[in-house]
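Report on the structure given below.
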C-alpha cells in the first residue's frame, strides 16, 4: 500500500513538472524575424564587443546586443517592423542606421561601418534594400499590407486571392462553397503539390479547418492583414506541417501612434452584365453588396502596451431570376383551343372503365362546369408576363445575408 501511495505521489509530481514546462511560452521564428550583421571599421577589420541597440520605430521596443569577438551580432526573434539600429564602440563615432525593414520569417542583414572618433560624434546612414536573401536558403515571397489594400481581390475581399501571384502557384480546380467554408476560404496548389499540402499560420497559431484541411478555419479580414509571408521551397524545420507552401499571416496591431480607417466596398446590379439567356429588355434582378468596416489602434501605455480593434460587416442582397408556367386569361376561362394536340374530355361522361368519354366541343370547358372554388382561386393567379404559347411567367427574387465580424488584439 505504501509503495502504491509513493508511486502516486511521484506520478502527480511528474505531471506537475510537465505542466509547468509546457506553460513556458515558446519563441517561434514563424511569428518573428531576425536581424544580423557585422561591425567593422573603415579598413574592413572587425570591431569586437560593439554595443548594438535596436529600436522599433512604431512601438518603441528596444533590444541591446553586444557583438561577439568577431564583430558579429545577431538579434533573433524580433517582431516585424521598421527598426533603427544604433552602434557604439569605444574610440569610434556612433553610427545610426535608419529604416531597416524586418519581416516575418526573414533574416535581415545590416552591417555597420565605424569611423574613428569620439562616441559623442554621430553618423546617420539609410539602410539599403537587400537584393538577395543570403542568410536563409528558402524561397519566399511577401505580400505587404499595401498590396492587400490596393491590388484587385476577389468579390469578398479575400487576401488569399493574391497567393496566386506567387511564382509556382495556381488556383485549385475546385473551390468549396460558402456552406463548407462560411469564411469563403480559397485554396491554392503550390509547385504542383496537392492543396492539402499547404500550411497556414495566423499570428503564429496553426490555422486549419479540421474537416477540410485544405482550407483555413478563419480568413483574416483583408484590412487587418499586416503582411503575408509565403515560403514555397527549402524552408526551415520550424515551418513544419507544410509540404507545398508555409504561409504565415500577421495581423495588424497597435502602435504608439493613434491610427484608424473606415471603408466600404460596394457592388450593385448596374455594374453587372446582362444575363446571357435573357433578352436585352429584361430588367436585371436587384443585387447589392456592401463590405464596410472600421479599424483603429494605439497605445495604452506608450512603448509598452497597445490596443487594436476591428469591425467588418457584410450586407449582401442576391437577386435571382426564375420562370414557370401560369394560365393566361383564355386558360382561366376554360379555353384550351390553342392546344389542339391535347383533347380535353368531360370527366362526367364515359363508363367505369374510363372509356367512352365525350370531348368538350372546341376544347373549351363551359363556364358552368368550372367549380365555385376554382372560380375564386383563378383571379388570384397573376397573368403571365412573357408572351409565349406556354404562358411563361418570369420572376425576380432576392435573398439577404449579413454576417458581422469583430476582432481585437493588444
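Residue numbers (the numbering used here): -4 to 405. Every residue gets a Cβ at the ideal spot worked out from N, C-alpha and C, and that includes glycine.
Annotation: residue 52 to residue 78 spans about 6 Å, alpha carbon to alpha carbon. Non-local C-beta neighbours of residue 36 in its own chain, meaning closer than 8 Å and more than five positions away in sequence, comprise 42, 87, 108, 109, 110, 111, ordered along the chain. Judged by DSSP in its simplified three-state form, residue 183 adopts strand. Here residue 30 is near residue 49, since their CB atoms are less than 9 Å apart. Cβ atoms of residue 82 and residue 89 come within 8 Å of each other, at about 7 Å. By the neighbour-count criterion, in which a residue is buried when 16 or more other Cβ atoms sit within 10 angstroms of its Cβ, residue 216 is buried.
Here residue 220 has 140, 143, 154, 244, 246 as same chain residues with Cβ atoms under 7 Å from its own Cβ, once five neighbours each way along the sequence are excluded. Around the beta-carbon of residue 266, fewer than 16 other beta-carbon atoms lie within 10 Å, marking it exposed.
By the neighbour-count criterion, in which 16 or more other beta carbons inside 10 Å mark a residue as buried, residue 32 falls on the buried side. DSSP lists 70, 103 as the beta-bridge partner residues of residue 30.
In this structure, the straight-line span from the alpha carbon of residue 100 to that of residue 277 is close to 54 Å.
Where residue 259 is concerned, the enclosing beta strand (DSSP E) starts and stops at 254 to 263. Between residue 71 and residue 34, the C-beta spacing is not below 9 Å. Residue 364 counts as exposed, since fewer than 16 other C-beta atoms from the protein chains shown sit within 10 angstroms of its C-beta. Residue 342 carries a coil assignment under DSSP once its states are collapsed to helix, strand and coil.
If you compare the alpha carbons of 339, 346, 345, 347 with that of residue 357, the shortest gap goes to 339. Residues of the same chain with a CB within less than 6 Å of the CB of residue 26, apart from the 5 flanking positions on each side, are 199 in chain order. Taking the Cβ atoms as the reference, residue 92 lies roughly 6 Å from residue 105, within the contact range of under 8 Å. Note that the segment 323 to 336 does not touch the segment 347 to 354; fewer than 3 beta-carbon pairs, one per stretch, sit closer than 8 Å.
For residue 51, the secondary structure class from DSSP, reduced to helix, strand or coil, is strand. DSSP lists 185 as the beta-bridge partner residues of residue 164. The Cβ-Cβ distance between residue 203 and residue 214 does not fall below 9 Å. Beyond the five residues adjoining it in sequence on each side, residue 133 comes within less than 6 Å, by CB distance, of 226, 229, 230 in the same chain, given in chain order. Annotated three-state conformation of residue 134 is strand, per DSSP. 9 Å or more divides the Cβ of residue 241 from the Cβ of residue 190.
Boundaries around residue 141 are those of the alpha helix (DSSP H), 140 to 145, since no beta strand (DSSP E) includes it.
If you draw a 10 Å sphere on the C-beta of residue 181, you find 16 or more other C-beta atoms in it, and that means buried.
Residue pairing from DSSP leaves residue 352 without any beta-bridge partner. Within 10 angstroms of the beta-carbon of residue 201 lie fewer than 16 other beta-carbons, which makes it exposed. CA-CA distance, residue 270 to residue 237, rounds to 42 Å. In chain order, 264 place their CB closer than 6 Å to the CB of residue 279, counting only its own chain and leaving out the 5 sequence neighbours on each side. When DSSP states are grouped into helix, strand and coil, residue 88 belongs to the coil group. Per DSSP, reduced to three states, the secondary structure at residue 367 is helical. Rounded to the nearest whole angstrom, the C-alpha separation of residue 273 and residue 261 is 25 Å. About 6 Å separates the beta carbons of residue 47 and residue 80, which is inside the 8 Å limit, making them a contact pair. Comparing C-alpha distances from residue 138 to each of 355, 366, 360, 222 shows the shortest one belongs to 222.
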